[in-house]
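Structure record follows, encoded as structure tokens.
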Amino acid sequence: MKPEEYDILDLIPQRPPMVLIDQLISVSEKSAVGRLFIRKSNVFCENGFLQEGGLMEFIAQTAAAYEGYRQLSLQEEVKPGFIGAIKNLSITFLPEINTEIQSEIIVDNELLGYTLITGKIFQKNTVVAECEMRILVGTPEGK
């Protein structure tokens, strides 16, 4: 199946109200693109804008959907992931509710259970935010 054909809840371990990705649009060997329509009901929205924590979580959930897609493609169980570190976070602006944003993650390296990614969020070709993230796939004990 193509990534956009999956229900996003099949690809990520998060459940409402903590879901911050609507669809995984595309996947390649080392990258993925996700989409989110920002609703007023989003737990990370305040005063009409998606807040910083929501932006970081959107990048992390795009990485989770990418990994979930890879695992399902190999007929494996989708494993949870945990943010280990965030570096070089830059936020240009907070996107408004009732608008759409897209995330792009690039896998820089995978080592000892950690996945190192670079993530960016765009709104109409303008960079909203970007960062580097270290994500542990599996349980905190590495299982």
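Residues are numbered in my numbering as their position in the sequence shown, beginning at 1, plus a constant of 14. Even for Gly, the Cβ is constructed at its ideal location relative to N, Cα and C.
(Q) Using 8 Å as the cut-off, can you tell me whether the segment 33 to 49 makes contact with the segment 91 to 111, which would need three or more C-beta pairs spanning the two stretches below that distance? (A) They do not touch, by the three-pair rule.
Problem set entry | Residue range of the alpha helix (DSSP H) that includes S45 | For the purposes of this step, residue 45 is taken as residue 31 along the sequence shown, with counting starting at 1. Unbroken run through S45 is the beta strand (DSSP E), S45 to F51; no alpha helix (DSSP H).
*asked:* Using 8 Å as the cut-off, can you tell me whether the segment 25 to 35 makes contact with the segment 69 to 82, which would need three or more C-beta pairs spanning the two stretches below that distance?
replied: Yes: at least three Cβ pairs fall under 8 Å.
- C-alpha distance - I105 paired with E114, whole-angstrom precision: In the sequence shown, residue 105 corresponds to position 91, counting from 1. In the sequence shown, residue 114 corresponds to position 100, counting from 1. Using only the alpha carbons, I get a separation of about 16 Å.
- prompt: With distances taken from CA atoms, which of S117, R148 and Y128 is nearest K134?
  reply: If you number the sequence shown from 1, residue 134 lands on position 120. Just measuring C-alpha positions, the residue of S117, R148 and Y128 sitting nearest K134 is S117.
Distance between D24 and G82 (C-alpha atoms, nearest Å):
The residue labelled residue 82 in the question sits at position 68 within the sequence shown. The residue labelled residue 24 in the question sits at position 10 within the sequence shown. Between the alpha carbons of G82 and D24 lies a gap of roughly 8 Å.
message = Helix, strand or coil for G95? Go by DSSP, reduced to three states.
response = For the purposes of this step, residue 95 is taken as residue 81 along the sequence shown, with counting starting at 1. Strand at G95.
> Which of the three DSSP states, helix, strand or coil, is assigned to L126?
Replying inline: Mapped onto the sequence shown, residue 126 falls at position 112. Residue state for L126 is assigned as coil, using DSSP reduced to three classes.
* Are there three or more Cβ pairs, one per stretch, closer than 8 Å when the segment 46 to 65 is compared with the segment 75 to 89? -> The segment 46 to 65 makes contact with the segment 75 to 89; the number of CB pairs closer than 8 Å reaches 3 or more.
* Starting from L23, trace the alpha helix (DSSP H) both ways and give me its first and last residue. => Start at 1 with the first residue of the sequence shown, and residue 23 comes out as number 9. In the DSSP annotation of this structure, the continuous segment of the alpha helix (DSSP H) that includes L23 starts and ends at I22 to L25.
Endpoints, beta strand (DSSP E) assigned at Q37: As a position in the sequence shown, residue 37 is number 23, starting the count at 1. For Q37, the enclosing beta strand (DSSP E) stretches over residues Q37 to S42.
*asked:* In this structure, how does DSSP classify G152 when only helix, strand and coil are distinguished?
replied: Within the sequence shown, the letter at position 138 stands for residue 152. Three-state result, G152: coil.
message = On a Cα-Cα basis, can you pick out the residue from R53, Y128 and V142 that is closest to V151?
response = Residue 151 sits at position 137 when you count from the first residue of the sequence shown. For V151, the nearest C-alpha among the options comes from Y128.
| message | Just to confirm before moving on: does the CB-CB distance between A143 and L103 stay below 9 Å? | response | Reading the sequence shown from its first residue, position 129 is the one you call residue 143. Reading the sequence shown from its first residue, position 89 is the one you call residue 103. By the CB criterion at 9 Å, A143 and L103 fall inside the cutoff.
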